[in-house]
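Numbered by the working numbering, the letters in the sequence shown go through residues 5 to 302 in order.
Report on one structure; see the data block that follows.
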Amino acid sequence: MRISLPAAVWLVLAAVYIADALWMLAAGFSMRWQGSLPLLRMPVILATGALFYHYIRRDRRITELMVAILQLMLFAPAMAVLSYLFVSLPFPLVDAQLIAFDHALGFDWRAHIEWLTRHIRVNTVLAGIYMTLMPQQLLLVIALAGIKQFTELQRYLLAFMLSAIVCSMFACLLPAVGGYIYYDIDVNHLSISPAAARVHETHLLGLRANELRSLAIEEMQGLITFPSFHVAAAVLVAYAARALHRIIFGVAVGLNAIMIVSVFSQGGHYLVDALGGAAIAAASIAAVRLLPPARSIA
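Set out below in C-alpha coordinates:
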(Lines of atoms letter the chains of each structure in order from A and count residues from 1; the text may use other names and numbers.)
(Lines give C-alpha, C1' and ligand atoms only; values in the text may rest on other atoms or scores of the structure.)
Protein backbone atom coordinates (compact mmCIF):
# COMPACT_ATOMS: atom_id res chain seq x y z
CA MET A 1 0.00 0.00 0.00
CA ARG A 2 1.45 3.35 -1.06
CA ILE A 3 1.54 6.22 1.42
CA SER A 4 -0.34 9.32 0.27
CA LEU A 5 1.13 12.81 0.30
CA PRO A 6 -0.79 14.13 3.32
CA ALA A 7 -0.09 10.97 5.29
CA ALA A 8 3.61 11.28 4.46
CA VAL A 9 3.68 14.86 5.77
CA TRP A 10 2.25 13.80 9.11
CA LEU A 11 4.52 10.74 9.29
CA VAL A 12 7.64 12.82 8.68
CA LEU A 13 6.50 15.35 11.26
CA ALA A 14 5.91 12.61 13.83
CA ALA A 15 9.24 10.97 13.01
CA VAL A 16 11.14 14.19 13.71
CA TYR A 17 9.49 14.58 17.13
CA ILE A 18 10.19 10.95 18.00
CA ALA A 19 13.82 11.28 16.89
CA ASP A 20 14.19 14.43 19.00
CA ALA A 21 12.79 12.76 22.11
CA LEU A 22 14.82 9.57 21.83
CA TRP A 23 18.07 11.34 20.95
CA MET A 24 17.75 13.91 23.73
CA LEU A 25 16.98 11.19 26.25
CA ALA A 26 19.91 9.05 25.14
CA ALA A 27 22.42 11.90 24.90
CA GLY A 28 21.42 13.78 28.04
CA PHE A 29 20.06 16.94 26.42
CA SER A 30 17.31 18.94 28.09
CA MET A 31 14.84 21.64 27.04
CA ARG A 32 14.08 24.95 28.72
CA TRP A 33 10.38 25.53 28.08
CA GLN A 34 9.68 28.76 29.97
CA GLY A 35 10.04 31.07 26.97
CA SER A 36 8.54 28.57 24.54
CA LEU A 37 5.10 28.14 26.11
CA PRO A 38 3.61 31.27 24.45
CA LEU A 39 4.54 29.73 21.08
CA LEU A 40 1.95 27.00 21.67
CA ARG A 41 -0.99 29.38 21.37
CA MET A 42 -0.99 29.69 17.59
CA PRO A 43 -0.83 25.92 16.89
CA VAL A 44 -3.79 25.41 19.23
CA ILE A 45 -5.74 28.16 17.46
CA LEU A 46 -4.89 26.74 14.04
CA ALA A 47 -5.83 23.18 15.02
CA THR A 48 -9.14 24.37 16.46
CA GLY A 49 -9.85 26.45 13.38
CA ALA A 50 -9.01 23.59 11.03
CA LEU A 51 -11.42 21.27 12.84
CA PHE A 52 -14.15 23.92 12.77
CA TYR A 53 -13.80 24.59 9.04
CA HIS A 54 -13.56 20.90 8.22
CA TYR A 55 -16.47 19.54 10.24
CA ILE A 56 -18.80 22.53 10.72
CA ARG A 57 -18.32 25.19 8.05
CA ARG A 58 -16.86 22.71 5.54
CA ASP A 59 -14.58 25.12 3.73
CA ARG A 60 -11.76 23.04 2.31
CA ARG A 61 -9.57 25.99 1.29
CA ILE A 62 -9.48 27.41 4.81
CA THR A 63 -9.06 23.95 6.30
CA GLU A 64 -6.11 23.11 4.07
CA LEU A 65 -4.54 26.51 4.72
CA MET A 66 -4.81 26.18 8.49
CA VAL A 67 -3.48 22.61 8.45
CA ALA A 68 -0.54 23.62 6.25
CA ILE A 69 0.45 26.52 8.49
CA LEU A 70 -0.02 24.30 11.54
CA GLN A 71 2.29 21.67 10.06
CA LEU A 72 4.97 24.25 9.31
CA MET A 73 4.69 25.71 12.81
CA LEU A 74 4.98 22.26 14.37
CA PHE A 75 7.85 21.25 12.11
CA ALA A 76 10.04 24.33 12.60
CA PRO A 77 10.89 23.90 16.31
CA ALA A 78 11.21 20.13 16.08
CA MET A 79 13.55 20.42 13.10
CA ALA A 80 15.56 23.11 14.85
CA VAL A 81 16.13 20.75 17.77
CA LEU A 82 17.07 17.90 15.43
CA SER A 83 19.59 20.11 13.62
CA TYR A 84 21.19 20.96 16.97
CA LEU A 85 21.43 17.28 17.83
CA PHE A 86 23.02 16.47 14.48
CA VAL A 87 25.56 19.27 14.85
CA SER A 88 26.47 18.06 18.35
CA LEU A 89 28.30 15.12 16.75
CA PRO A 90 31.87 16.46 16.43
CA PHE A 91 32.85 15.30 12.95
CA PRO A 92 35.89 17.17 11.54
CA LEU A 93 35.16 20.57 10.03
CA VAL A 94 35.40 20.68 6.24
CA ASP A 95 35.58 24.43 5.56
CA ALA A 96 39.01 24.11 3.95
CA GLN A 97 37.76 21.44 1.56
CA LEU A 98 34.64 23.43 0.68
CA ILE A 99 36.77 26.50 -0.05
CA ALA A 100 39.04 24.37 -2.23
CA PHE A 101 36.00 23.21 -4.21
CA ASP A 102 34.93 26.83 -4.60
CA HIS A 103 38.34 27.80 -5.94
CA ALA A 104 38.22 24.88 -8.38
CA LEU A 105 34.91 26.30 -9.63
CA GLY A 106 36.42 29.77 -9.94
CA PHE A 107 34.68 31.33 -6.93
CA ASP A 108 36.58 33.21 -4.22
CA TRP A 109 34.35 33.87 -1.20
CA ARG A 110 36.64 36.48 0.38
CA ALA A 111 36.96 38.38 -2.90
CA HIS A 112 33.17 38.38 -3.18
CA ILE A 113 32.80 39.89 0.30
CA GLU A 114 35.49 42.48 -0.41
CA TRP A 115 33.68 43.46 -3.62
CA LEU A 116 30.43 43.95 -1.71
CA THR A 117 32.14 46.18 0.84
CA ARG A 118 32.86 48.52 -2.10
CA HIS A 119 29.30 48.22 -3.45
CA ILE A 120 27.13 48.88 -0.41
CA ARG A 121 23.90 49.32 -2.36
CA VAL A 122 24.22 45.89 -3.92
CA ASN A 123 24.69 44.38 -0.48
CA THR A 124 21.67 46.27 0.82
CA VAL A 125 19.52 44.70 -1.89
CA LEU A 126 20.93 41.24 -1.15
CA ALA A 127 20.34 41.67 2.58
CA GLY A 128 16.73 42.69 2.03
CA ILE A 129 15.95 39.80 -0.31
CA TYR A 130 17.71 37.30 1.98
CA MET A 131 15.13 38.11 4.66
CA THR A 132 12.10 37.47 2.42
CA LEU A 133 12.16 33.68 2.65
CA MET A 134 9.58 33.29 5.42
CA PRO A 135 7.16 35.89 3.99
CA GLN A 136 7.46 34.16 0.62
CA GLN A 137 6.66 30.81 2.19
CA LEU A 138 3.58 32.18 3.93
CA LEU A 139 2.31 33.89 0.77
CA LEU A 140 2.93 30.72 -1.24
CA VAL A 141 0.94 28.56 1.18
CA ILE A 142 -1.92 31.07 1.22
CA ALA A 143 -1.95 31.30 -2.58
CA LEU A 144 -1.84 27.55 -3.21
CA ALA A 145 -4.69 26.93 -0.77
CA GLY A 146 -6.62 29.89 -2.15
CA ILE A 147 -6.63 28.57 -5.73
CA LYS A 148 -7.28 24.99 -4.56
CA GLN A 149 -3.87 23.64 -5.59
CA PHE A 150 -3.97 21.27 -2.64
CA THR A 151 -1.73 18.59 -4.12
CA GLU A 152 0.97 21.14 -4.94
CA LEU A 153 0.65 22.53 -1.42
CA GLN A 154 1.18 19.09 0.09
CA ARG A 155 4.11 18.40 -2.23
CA TYR A 156 5.71 21.67 -1.18
CA LEU A 157 5.30 20.90 2.52
CA LEU A 158 6.76 17.41 2.22
CA ALA A 159 9.66 18.54 0.00
CA PHE A 160 10.43 21.32 2.48
CA MET A 161 10.55 18.88 5.38
CA LEU A 162 12.64 16.32 3.51
CA SER A 163 15.10 18.99 2.41
CA ALA A 164 15.51 20.23 5.97
CA ILE A 165 16.19 16.72 7.26
CA VAL A 166 18.67 15.83 4.52
CA CYS A 167 20.49 19.17 4.83
CA SER A 168 20.84 18.58 8.58
CA MET A 169 22.21 15.09 8.00
CA PHE A 170 24.85 16.38 5.61
CA ALA A 171 25.66 19.20 8.04
CA CYS A 172 26.32 16.51 10.63
CA LEU A 173 28.63 14.42 8.46
CA LEU A 174 30.32 17.37 6.71
CA PRO A 175 30.15 20.21 9.24
CA ALA A 176 31.41 23.70 8.50
CA VAL A 177 31.34 27.01 10.33
CA GLY A 178 31.01 29.33 7.32
CA GLY A 179 33.26 31.96 5.84
CA TYR A 180 33.00 34.66 8.49
CA ILE A 181 33.94 32.33 11.33
CA TYR A 182 36.53 30.34 9.37
CA TYR A 183 38.40 33.49 8.34
CA ASP A 184 37.70 35.08 11.75
CA ILE A 185 36.24 38.22 10.18
CA ASP A 186 35.08 40.87 12.64
CA VAL A 187 31.74 41.82 11.10
CA ASN A 188 31.55 44.90 13.33
CA HIS A 189 34.43 46.38 11.34
CA LEU A 190 32.93 45.64 7.93
CA SER A 191 31.21 48.31 5.89
CA ILE A 192 28.36 45.83 5.34
CA SER A 193 26.16 44.22 7.98
CA PRO A 194 25.50 40.56 7.10
CA ALA A 195 22.15 39.24 8.30
CA ALA A 196 23.47 35.99 9.78
CA ALA A 197 27.25 36.09 9.65
CA ARG A 198 28.33 34.78 13.05
CA VAL A 199 25.08 34.62 15.01
CA HIS A 200 25.31 30.84 15.20
CA GLU A 201 28.93 30.74 16.39
CA THR A 202 28.36 30.36 20.14
CA HIS A 203 25.79 27.59 19.78
CA LEU A 204 27.66 25.75 17.04
CA LEU A 205 30.96 25.67 18.88
CA GLY A 206 29.24 24.98 22.20
CA LEU A 207 27.50 21.93 20.78
CA ARG A 208 30.69 20.61 19.22
CA ALA A 209 32.56 21.08 22.49
CA ASN A 210 29.82 19.29 24.45
CA GLU A 211 29.22 22.47 26.46
CA LEU A 212 25.67 23.28 25.27
CA ARG A 213 23.29 20.62 26.61
CA SER A 214 20.23 22.68 27.54
CA LEU A 215 18.22 23.98 24.58
CA ALA A 216 15.53 26.65 24.25
CA ILE A 217 13.41 26.97 21.12
CA GLU A 218 13.29 30.76 21.16
CA GLU A 219 17.11 30.99 21.27
CA MET A 220 17.91 28.65 18.40
CA GLN A 221 19.87 29.74 15.33
CA GLY A 222 20.38 28.24 11.91
CA LEU A 223 23.48 26.06 12.19
CA ILE A 224 23.67 24.50 8.73
CA THR A 225 26.44 25.68 6.41
CA PHE A 226 26.83 22.81 3.95
CA PRO A 227 24.53 22.28 2.20
CA SER A 228 22.61 25.56 2.33
CA PHE A 229 19.06 24.98 3.53
CA HIS A 230 18.28 28.61 2.70
CA VAL A 231 19.04 27.83 -0.94
CA ALA A 232 17.04 24.59 -0.84
CA ALA A 233 14.05 26.47 0.55
CA ALA A 234 14.38 29.20 -2.08
CA VAL A 235 14.41 26.61 -4.88
CA LEU A 236 11.33 24.92 -3.42
CA VAL A 237 9.38 28.19 -3.23
CA ALA A 238 10.26 29.08 -6.82
CA TYR A 239 9.32 25.61 -8.06
CA ALA A 240 6.00 25.52 -6.20
CA ALA A 241 5.11 28.96 -7.57
CA ARG A 242 4.81 27.46 -11.04
CA ALA A 243 1.29 26.39 -10.00
CA LEU A 244 0.34 30.08 -9.71
CA HIS A 245 0.06 32.70 -12.45
CA ARG A 246 3.02 32.74 -14.85
CA ILE A 247 3.87 36.32 -13.86
CA ILE A 248 4.01 35.33 -10.19
CA PHE A 249 6.14 32.35 -11.14
CA GLY A 250 8.54 34.61 -13.04
CA VAL A 251 8.81 36.98 -10.10
CA ALA A 252 9.41 34.07 -7.72
CA VAL A 253 12.18 32.66 -9.92
CA GLY A 254 13.89 36.04 -10.22
CA LEU A 255 13.56 36.89 -6.54
CA ASN A 256 14.87 33.54 -5.37
CA ALA A 257 17.72 33.56 -7.87
CA ILE A 258 18.88 36.76 -6.18
CA MET A 259 18.28 35.16 -2.80
CA ILE A 260 20.62 32.32 -3.72
CA VAL A 261 23.33 34.86 -4.51
CA SER A 262 22.64 36.58 -1.18
CA VAL A 263 23.55 33.55 0.93
CA PHE A 264 27.27 34.06 0.30
CA SER A 265 27.38 37.44 2.00
CA GLN A 266 24.40 37.24 4.35
CA GLY A 267 24.88 33.70 5.61
CA GLY A 268 28.59 33.16 5.10
CA HIS A 269 27.91 30.29 2.70
CA TYR A 270 30.33 28.98 0.10
CA LEU A 271 29.36 28.36 -3.52
CA VAL A 272 29.39 24.61 -3.00
CA ASP A 273 26.88 25.09 -0.16
CA ALA A 274 24.46 26.69 -2.60
CA LEU A 275 24.97 23.96 -5.18
CA GLY A 276 24.39 21.30 -2.54
CA GLY A 277 21.22 22.97 -1.30
CA ALA A 278 19.83 23.23 -4.82
CA ALA A 279 20.62 19.56 -5.47
CA ILE A 280 18.83 18.47 -2.31
CA ALA A 281 15.79 20.56 -3.24
CA ALA A 282 15.71 18.91 -6.68
CA ALA A 283 15.97 15.45 -5.15
CA SER A 284 13.18 16.23 -2.68
CA ILE A 285 10.93 17.48 -5.48
CA ALA A 286 11.52 14.27 -7.42
CA ALA A 287 10.85 12.14 -4.35
CA VAL A 288 7.53 13.73 -3.39
CA ARG A 289 6.21 13.43 -6.93
CA LEU A 290 6.36 9.65 -6.53
CA LEU A 291 3.63 9.76 -3.87
CA PRO A 292 -0.07 9.80 -4.77
CA PRO A 293 -2.23 12.76 -3.71
CA ALA A 294 -5.19 12.34 -1.40
CA ARG A 295 -8.59 13.91 -1.31
CA SER A 296 -7.96 15.95 1.82
CA ILE A 297 -5.28 16.51 4.41
CA ALA A 298 -7.71 17.26 7.20
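From the three backbone atoms N, C-alpha and C, an ideal C-beta is built for every residue, glycine too.
A quick note: this is a predicted structure, and the numbers were derived from the prediction, not measured.
Assigned exposure category for residue i - 16 Cβ within 10 Å defines buried
| i | result |
| --- | --- |
| W113 | buried |
| M46 | exposed |
| D24 | buried |
| P42 | exposed |
| G272 | buried |
| H107 | exposed |
| A213 | exposed |
| R61 | exposed |
| A180 | buried |
| E156 | buried |
| G182 | buried |
| V91 | buried |
| V241 | buried |
Reference residue i; option with closest CA among the options
| i | options | result |
| --- | --- | --- |
| L104 | D188, L294, D277, A290 | The amino acid at residue 104 is misidentified as Leu; the sequence shows Ala. Out of D188, L294, D277, A290, D277 has the C-alpha closest to the C-alpha of A104. |
| A131 | A175, L295, I264, I252 | I264 |
| A256 | A199, Q141, R62, V91 | Q141 |
| V239 | H249, A261, L219 | A261 |
| L93 | M135, I146, L161, W27 | W27 |
| E68 | K152, P81, V129 | K152 |
| A51 | L78, A285, M165, A180 | L78 |
| G39 | L275, M224, F268 | M224 |
| A80 | M70, M138, R122, R62 | M138 |
| H211 | A163, L89, L294 | As written in the sequence, residue 211 is Leu, which differs from the His given in the question. Residue L89 is the option with its Cα nearest to L211. |
| V145 | T128, M135, V129, F164 | F164 |
| I49 | V71, A30, A19, R65 | V71 |
| A291 | V191, L177, Q158, R250 | Q158 |
| E16 | M83, H58, F154, R6 | As written in the sequence, residue 16 is Val, which differs from the Glu given in the question. For the residues M83, H58, F154, R6, the minimum Cα distance to V16 belongs to M83. |
| I124 | T136, Y59, Q270, Y160 | Q270 |
| I285 | L295, V191, C171 | Inspection of the sequence shows that residue 285 is occupied by Ala rather than by Ile. For the residues L295, V191, C171, the minimum Cα distance to A285 belongs to C171. |
| S232 | G254, F268, N192, I251 | F268 |
For residue i, the three-state DSSP class (helix, strand or coil)
| i | result |
| --- | --- |
| A245 | helix |
| A19 | helix |
| S34 | strand |
| L219 | strand |
| I94 | Residue 94 is actually Pro in this sequence, not Ile. It is coil, neither helix nor strand. |
| P42 | helix |
| N214 | coil |
| I117 | helix |
| I196 | coil |
| H207 | helix |
| F111 | coil |
| G183 | helix |
| T128 | helix |
| R202 | coil |
| Y160 | helix |
| I284 | helix |
| L294 | coil |
| Q153 | coil |
| H58 | helix |
| R122 | coil |
| S172 | helix |
| D99 | helix |
| G53 | helix |
| Y274 | coil |
CB-CB length for residue i against residue j, believed under 8 Å
| i | j | result |
| --- | --- | --- |
| V4 | Q75 | The structure shown has nothing for residue 4, since the chain only spans 5 to 302. |
| L8 | P297 | In the sequence on display, residue 8 carries Ser and not Leu. 7 Å between Cβ atoms; contact. |
| L109 | L275 | 6 Å |
| I66 | Y59 | About 12 Å; that fails the 8 Å criterion. |
The ligand ADP heavy atom lying under 7 Å from the CB of residue i
| i | result |
| --- | --- |
| W37 | For the ligand ADP, the structure offers nothing, since it holds no ligand at all. |
Beta carbon proximity, residue i to chain C, threshold 8 Å
| i | result |
| --- | --- |
| L275 | Structure shown: chain C not included; a single protein chain is present. |
Three CB pairs or more closer than 8 Å across the region 177-192 and the region 91-110
yes
query: Do the region 266-283 and the region 219-230 meet, that is, are 3 or more Cβ pairs less than 8 Å apart?
result: yes
* **Three or more C-beta pairs below 8 Å linking the region 213-226 and the region 20-35** => yes
Problem - Touch test, the region 203-213 against the region 235-252, Cβ-Cβ under 8 Å, three pairs minimum - result: no
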